[in-house]
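Trainee: The following block contains the structure, expressed as structure tokens.
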Amino acid sequence: MNNLLNKIKSNNYTKNDLIEALSLNSDEAVSLFSLSDKIRKDYCGEKVQIRGLLEISNICARNCNYCGVRANNDLVQRYKMPIEEIYSIALDMDKKGVKTLVMQGGESKTYNPFDLADLIREIKSNTDMAVTLSLGEHSFETYKLWKEAGANRYLLRHETANKEHYKYLHPDGVLDTRLECLRNLKKLGYQTGVGCMVGSPGQKTEYLAEDLEFIRDFKPEMVGIGPYVMHEHTPFKGEPNGDVFLTLKMLALVRIITKTALMPATTALATIGNEGYKKGLSVGCDVIMINFTPQKYKILYEIYPGKKCISENTDTILSTIKDLIISCNRQVSIDQGHARNIIKNQK
Ligand code: 5AD
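Residue numbers (my numbering): 302 to 648.
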């Protein structure tokens with residue numbers, strides 16, 4: 302056991318070692334979790350970053366088999382937040398001390414990329430916020446436009462590093478294209494986030510080991526990992542949810558392998574896991590995203606059902622999350638929380 306963890310910690314492991322670590326029982330996993338917590342302490346410190354999430358549109362051209370807002374789900378009422386509304390919420394977040402705006406939306410041509418670039422520029426010049434985008438696959442030129450407008454980070458989960466499994470999850474997607482987008486983002490200087498679900502239909506433990514190897518090799522600045530949550534109005538209707546314990550082992554391994562990656566205790570983990578945020582923070586996570594999407598849109602952004610949402614009132618959500626962080630003996634960060642390896646030369 303200790304031998305196994307030492308191998309992983311010192312970057313001297315095989316795929317089978319990863320599979321073995323992912324298969325630890327709850328007694329054995331105690332030392333995995335204490336190692337990942339120690340590495341988090343040593344490399345990342347006690348601060349937890351708060352990110353403000355805004356789900357700007359649920360219009361999507363893709364048909365990911367797990368996702369509730371997939372293009373073919375006719376039951377979804379689609380929306381696109383007006384640019385001015387996004388801007389005024391960003392100002393409000395900034396005033397409340399939330400120093401990262403995450404703009405997430407379905408993958409589509411809903412917004413004119415130049416309009417989004419103008420919005421990013423306005424936010425960067427009139428607030429003290431970092432801007433993270435999570436808008437799916439786009440051309441190098443579009444990513445460049447947004448980067449030059451001032452965007453700092455981009456989240457694009459790789460979803461699975463296994464080609465066949467990727468196809469099974471995404472009938473209209475190709476893993477190579479996804480990876481090309483990720484390489485482009487890195488090349489352009491974005492702090493880049495990858496990630497996957499745990500327990501997505503068709504997933505084998507071996508594939509999670511491949512995800513970890515991909516994360517090791519790609520060296521992302523951020524890694525988002527949460528359990529799969531079944532949505533009734535998708536082709537994966539009836540498939541079981543992902544396992545919380547396996548998700549925690551995966552998070553712990555990401556912390557041990559990357560040492561410094563920014564890693565959220567995800568909303569999906571909080572949704573199906575009892576005390577999910579706390580558990581995530583205890584195995585190596587150092588970020589929590591708070592949903593600032595206005596209620597009228599939030600209910601329509603149902604990528605999976607029952608999404609953890611502490612309150613409709615963002616002041617209440619903020620103070621609840623801050624209390625939770627403090628109750629875990631951690632500190633609430635008040636800065637932008639840039640990636641640890643490229644803190645210099647970021648506004
Ligand atoms: N369960 C859990 N996570 C999901 N995502 C999409 N649909 C689901 C689901 N049903 C995740 C994907 C995507 C991110 C925004 O949300 O990994 O990248």
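Beta carbons: idealized from backbone N, C-alpha and C, even for Gly.
State the Cα-Cα distance for the pair A418 and K505, rounded to the nearest angstrom.
Mentor: Cα to Cα, A418 sits roughly 40 Å from K505.
Trainee: Whose CA, out of F593, V432 and T478, lies closest to the CA of S440?
Mentor: Comparing Cα positions, the closest option is T478.
Trainee: Whole angstroms is fine: what's the gap from K316's alpha carbon to E511's?
Mentor: Straight-line Cα distance between these residues: approximately 7 Å.
Trainee: Is it a yes or a no for the stretch 334 to 354 touching the stretch 513 to 533, going by three-plus beta-carbon pairs under 8 Å?
Mentor: No, the stretch 334 to 354 is not in contact with the stretch 513 to 533.
Trainee: Give a single yes or no on whether C482 has its beta carbon closer than 7 Å to a heavy atom of the ligand 5AD.
Mentor: Not under cutoff, so the answer is no.
Trainee: Leaving out the 5 sequence neighbours to the left and right, which residues in its chain are closer than 8 Å to L554 when beta-carbon positions are compared?
Mentor: Once the five neighbours on either side are set aside, the close Cβ partners of L554 are I309, L319, A322, L323, L333, S337 and L513.
Trainee: Rounding to the nearest angstrom, what Cα-Cα distance links A628 and Y444 in this structure?
Mentor: It should be noted that the sequence gives Ser, not Ala, for residue 628. Straight-line Cα distance between these residues: approximately 39 Å.
Trainee: Return the Cβ separation of G500 and V524 in integer angstroms, given the expectation that the two are a contact with Cβ distance under 8 Å.
Mentor: In fact, because the Cβ distance is near 17 Å, the residues do not count as touching under 8 Å.
Trainee: Compare the beta carbon distance of L354 and T594 with 8 Å and say whether it is the shorter of the two.
Mentor: Yes, Cβ-Cβ distance for L354 and T594 is below 8 Å.
Trainee: So which of E481, Y455 and G451 has the shortest CA-CA distance to A462?
Mentor: Closest option to A462, Cα to Cα, is E481.
Trainee: Are the beta-carbon atoms belonging to I589 and V349 less than 8 Å from one another?
Mentor: Contact flag set, yes.
Trainee: Can you say whether G574 is buried or exposed, counting buried as having 16 or more other CB atoms within 10 angstroms of its CB?
Mentor: G574 should be labelled buried.
Trainee: Please give me, in chain order, every unbroken run of the beta strand (DSSP E) with length at least 3 that falls completely inside the stretch 581 to 622.
Mentor: As far as the stretch 581 to 622 is concerned, its whole beta strand (DSSP E) runs of at least 3 residues are 588 to 592.
Trainee: Relative to the C-alpha of C365, which candidate in I618, E408, Q596 and I424 has its C-alpha closest?
Mentor: Of I618, E408, Q596 and I424, the residue nearest in Cα terms is E408.
Trainee: If you draw a straight line from the alpha carbon of M564 to that of R556, how long is it in whole angstroms?
Mentor: Taking the straight line from one Cα to the other gives about 8 Å.
Trainee: Could you give the distance in angstroms between the alpha-carbon of I604 and the alpha-carbon of I635?
Mentor: I604 and I635: Cα-Cα distance of roughly 30 Å.
Trainee: Taking only three categories from DSSP, how would you classify V475?
Mentor: In the structure shown, V475 sits in coil (DSSP, three-state: anything other than H, G, I, E or B).
Trainee: Mind checking whether the beta-carbon of E460 lies closer than 7 Å to any heavy atom of the ligand 5AD?
Mentor: The answer is yes for E460.
Trainee: Take every Cβ of the stretch 578 to 587, pair it with every Cβ of the stretch 372 to 390, and state whether three or more of those distances are shorter than 8 Å.
Mentor: Cβ pair count under 8 Å is below three, so no.
Trainee: Taking DSSP's pairing of strands, which residues face M523 in a bridge?
Mentor: Answer is G494 and L563.
Trainee: Starting from A431, trace the alpha helix (DSSP H) both ways and give me its first and last residue.
Mentor: Taken as a continuous stretch (DSSP letters only), A431 belongs to no alpha helix (DSSP H), being part of the beta strand (DSSP E) at A431 to S435.
Trainee: Does any heavy atom of the ligand 5AD sit closer than 7 Å to the C-beta of V530?
Mentor: Yes - the ligand 5AD has a heavy atom lying nearer than 7 Å to the Cβ of V530.
Trainee: Just to confirm before moving on: does the CB-CB distance between D459 and F515 stay below 8 Å?
Mentor: One point to set straight first is that residue 459 is His, not Asp, in the sequence displayed. It is a contact, given that the beta carbons lie within the stated cut-off.
Trainee: Hey, would you say the C-beta of Y367 is under 7 Å away from at least one heavy atom of the ligand 5AD?
Mentor: The answer is yes for Y367.
Trainee: Is it buried or exposed for E356, if we count other Cβ within 10 angstroms and need 16 for buried?
Mentor: Label assigned to E356: buried.
Trainee: Kindly indicate which residue of D587, Y412 and G607 has the alpha-carbon position closest to the one of Q632.
Mentor: Measuring from the Cα of Q632, the nearest candidate turns out to be D587.
Trainee: My understanding is that G490 touches K448, with C-beta atoms under 8 Å, so please give their C-beta distance in whole angstroms.
Mentor: Sure, about 6 Å apart at Cβ, within 8 Å.
Trainee: What does the alpha-carbon distance come out to for the pair E386 and L625?
Mentor: For E386 and L625, the distance between alpha carbons rounds to 29 Å.
Trainee: For Q405, is the classification buried or exposed, using 16 other Cβ atoms within 10 angstroms of its Cβ as the cut-off for buried?
Mentor: That one is buried.
Trainee: Once you ignore the five residues that flank K645 on each side, which residues in its own chain have a CB closer than 8 Å to its CB?
Mentor: Reliability fails at K645, whose pLDDT of 45 lies under 50, so the model's placement of it is uncertain and the value that follows must be treated cautiously. Cβ within range, chain order: n/a, list empty.
Trainee: Have a look at the DSSP bridge pairing and note the partners of L354.
Mentor: DSSP lists V403 and N592 as partners of L354.
Trainee: Between the alpha carbons of L486 and Q492, how many angstroms are there, rounded?
Mentor: Going by the C-alpha atoms only, they are around 8 Å apart.
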